[in-house]
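Input: a single structure, listed below in structure tokens.
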Amino acid sequence: MTRFATARLLALLIPTALMAGALGSQFIGGLYPCEMCHWQRWPHYAAIAIALLAFLVRPAARPLTILAALAIMASGAIGVFHAGVEYGWWEGLTRCSTIGNSGDVLADIMAAPMVRCDEVQWSLFGISLAGWNAIVSLAGGATILALCLKRPR
């Protein structure tokens with residue numbers, strides 16, 4: 084298998100595996116996503132579609148694979164931001180991470196989503212799901228880019 088064929092396959096498998104894990108943890112594990120969790124999913128959905136196109140449209144396969152890698156890395160960047168909100172390194176941009184914006188605390192509480200963006204629902208080795216998404220997405224996207232951009236010997 085060539086480097087590019089490996090890159091193209093990874094561009095499809097990485098976001099598919101991450102979305103399978105996210106949807107499995109939601110529908111099987113009962114971990115419901117917050118708003119920022121959903122933000123991380125959109126680039127993966129796009130990466131899957133783009134990677135599928137890279138298999139179907141041979142003349143544009145390399146640029147499409149690079150685009151899929153960038154989408155995967157975009158999800159990773161959002162994951163870094165979300166993990167920072169969960170660990171209290173900075174404030175989030177959504178209502179789910181703060182209460183009391185309107186001045187009517189009861190109305191803010193009633194309007195707030197059930198799942199808060201600034202609380203870790205599950206972690207492994209002290210790393211939240213958002214953190215794991217960031218690690219896998221950034222490393223996977225960088226690997227795909229390296230495989231795509233490295234010239235054959």
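Start counting the sequence shown at 84; every next residue gets the next number (my numbering). For each residue, glycine too, the CB sits at the ideal point set by N, CA and C.
Review point. Out of curiosity, what's the CA-to-CA distance linking GLY175 and ALA144?
Key: 37 angstroms
Review point. Near PHE87, what residues of its chain come up, given a Cβ to Cβ distance below 8 angstroms and the 5 sequence neighbours on each side ignored?
Key: ALA144, ARG145, THR148, LEU230, CYS231
Exercise for review: Using the Cα positions of PRO41 and MET156, report the straight-line distance between them to the nearest angstrom.
Suggested key: Summary: the structure shown does not reach residue 41, with the chain confined to residues 84 through 236, and so no result is reported for it.
Review point. Among LEU106, ILE227, LYS233, which residue has its Cα nearest to the Cα of LEU153?
Key: ILE227
Review point. Residues bridged to ILE210 by DSSP?
Key: LEU207
Practice item. Whole angstroms is fine: what's the gap from LEU96's alpha carbon to GLY171's? Key: 32 angstroms
Point to revise | Range of the contiguous alpha helix (DSSP H) that encloses TRP125 | key: 118 to 139
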